[in-house]
Each structure stands twice: as structure tokens, then as C-alpha cells.
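Take the sequence shown: its letters are residues 134 to 328, numbered as in this note's numbering. Notes for the one structure printed next.
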Amino acid sequence: MNCIINKTNLNRIKRKMEALDNQREKLIKKSRDIIKLSKQIIYAVHRKDLKTAAKYIASIKKEVAILKRIVRANRKLDIGSYKAAIQEYVEAICYYSFVKQNKIPTSNVLDVDEEYYLLGLCDLTGELTRKAINLTIAGKYVEAFKIKNFVSELYDILMQFDFRTSELRKMVDGMRYDVKRLDDLVLALKMKDLI
Numbered sequence: 134m135n136c137i138i139n140k141t142n143l144n145r146i147k148r149k150m151e152a153l154d155n156q157r158e159k160l161i162k163k164s165r166d167i168i169k170l171s172k173q174i175i176y177a178v179h180r181k182d183l184k185t186a187a188k189y190i191a192s193i194k195k196e197v198a199i200l201k202r203i204v205r206a207n208r209k210l211d212i213g214s215y216k217a218a219i220q221e222y223v224e225a226i227c228y229y230s231f232v233k234q235n236k237i238p239t240s241n242v243l244d245v246d247e248e249y250y251l252l253g254l255c256d257l258t259g260e261l262t263r264k265a266i267n268l269t270i271a272g273k274y275v276e277a278f279k280i281k282n283f284v285s286e287l288y289d290i291l292m293q294f295d296f297r298t299s300e301l302r303k304m305v306d307g308m309r310y311d312v313k314r315l316d317d318l319v320l321a322l323k324m325k326d327l328i
């Protein structure tokens with residue numbers, strides 16, 4: 134008995150898989166570009182070069198729009214590189230907004246998945262801790278204290294969530310380290326009557 138192989142069907146599947154692989158490669162490249170821009174935004178903000186950071190933000194928004202179009206065309210690509218890129222994008226935009234406007238944009242304003250948004254916020258606390266330390270070195274103790282209060286409040290809020298993903302749970306647990314560093318920093322300032 135001969136089994137008939139439907140070559141047309143298999144060729145169609147092959148073409149579909151090749152197209153998906155091509156889109157995945159585009160997504161990986163675009164994700165790397167976004168992660169690089171995110172780092173450039175953060176470093177520009179740390180250097181107090183908000184003008185350069187704003188230029189990078191204009192670029193990153195265009196790149197994120199392209200990345201989102203790739204994912205909307207195939208939801209199977211909404212993983213790995215895409216998630217990392219959006220997480221870094223959220224961190225960079227939120228850090229810039231915190232420093233420039235003293236506020237954090239919402240997930241709706243950024244038009245990103247809520248989980249990826251929360252991951253970006255968790256990453257943000259590391260940059261804010263670094264900023265608080267730099268402010269302390271510069272003698273700007275009150276500003277460092279405000280960052281400590283913000284990070285502590287964010288941590289307290291996120292601790293009330295019942296996270297279903299282990300990655301988010303680990304990230305929130307990791308925030309405890311930033312909160313502790315900031316608590317220690319503020320305690321040292323208070324003991325010296327600097328705040």
C-alpha cells in the first residue's frame with residue numbers, strides 16, 4: 134500500500150515557516166537596535182544630556198513602531214527578543230520622564246503590554262538607585278531622598294500583585310536590593326544630619 138504525500142501542503146508549510154523565520158530575524162535585529170537606543174537614552178540622561186536623550190527617544194519610538202508591526206503580523210513573535218526590547222524601551226522612557234518631568238508614563242501612554250511594562254519598571258529602579266547615589270555624591274540629598282521614597286513606594290505597590298510569571302516575581306524580589314541600598318544611603322545621610 135502506497136501512502137500519498139501531499140507535497141503541495143508540505144511546500145506551503147515550508148514557505149510559511151521560512152517567512153516566519155525571516156520575520157523573526159528582522160525582529161531580532163530591530164530588537165537589538167531598540168536595546169542599544171535604550172542604553173543610549175539612559176546614559177545620556179545620566180550625563181544630564183537631555184537634548185541628546187530626546188533625539189534618541191524620537192528614534193526609538195520609530196523603531197518600536199516598526200517592531201510592533203512585525204509582531205502584529207504574527208503573534209508567534211511576541212516572545213524573547215520582542216519582550217526584552219519593550220522592557221528596555223519602557224525602562225529608558227520612564228527614566229527620562231522621571232528625570233525630566235518627575236513622572237512615569239503609563240502602560241497605555243507607552244502602548245505596551247502590561248507585563249512588559251512592569252518588567253521595565255522593575256529595571257528602572259536600578260537606574261534610579263544609581264541616580265540617587267550620584268545625587269548624593271553631588272550633595273543633592275533631598276533629591277536622592279525623593280528617589281528613595283519613589284522606589285520604596287513602587288516596590289510596596291508591586292509587592293501587592295499576585296504575579297503568575299516567575300520572571301516578574303524574580304524582578305520584583307530583586308527590587309528589594311535597590312530598596313535596601315537606598316535605605317542604607319538615606320540612613321547614612323540622616324546619621325550625618327544631611328537630610
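Glycine included, C-beta positions come from ideal geometry on N, C-alpha and C.
- The three-state secondary structure of residue 245, taken from DSSP, is coil.
- When the alpha-carbon of residue 323 is set against those of 283, 269 and 291, the nearest one is in 269.
- In this structure, the beta-carbon distance from residue 258 to residue 308 falls below 8 Å.
- By the neighbour-count definition (other C-beta atoms within 10 Å, threshold 16), residue 247 is an exposed residue.
- Taking the Cα of residue 231 as reference, the smallest distance to any Cα among 296, 186, 168 and 156 is reached at 186.
- Only exposed fits residue 234, as fewer than 16 other CB atoms lie within 10 angstroms of its CB.
- Spatial neighbours of residue 285 in its own chain (CB-CB distance under 6 Å, excluding positions within 5 residues in sequence) are listed in chain order as 312.
- Rounded to the nearest whole angstrom, the C-alpha separation of residue 196 and residue 136 is 49 Å.
- Annotated three-state conformation of residue 308 is helix, per DSSP.
- The beta carbons of residue 260 and residue 175 sit closer together than 8 Å.
- Here residue 320 is exposed. Its C-beta has fewer than 16 other C-beta atoms within 10 Å.
- In the three-state DSSP reduction, residue 190 falls in the helix class (H, G or I).
- The beta carbon of residue 302 sits closer than 8 Å to the beta carbons of 296 from its chain, once the five residues preceding and following it are set aside; these are given in chain order.
- The distance from the Cβ of residue 223 to that of residue 183 is about 18 Å, inconsistent with a contact at the 8 Å cut-off.
- Residue 292 sits in coil when the DSSP states are folded into three classes, being neither helix nor strand.
- For residue 251, the closest of 150, 198 and 290 by C-alpha to C-alpha distance is 290.
- Under the criterion of beta carbons closer than 8 Å, residue 201 and residue 153 do not qualify as touching, at roughly 17 Å.
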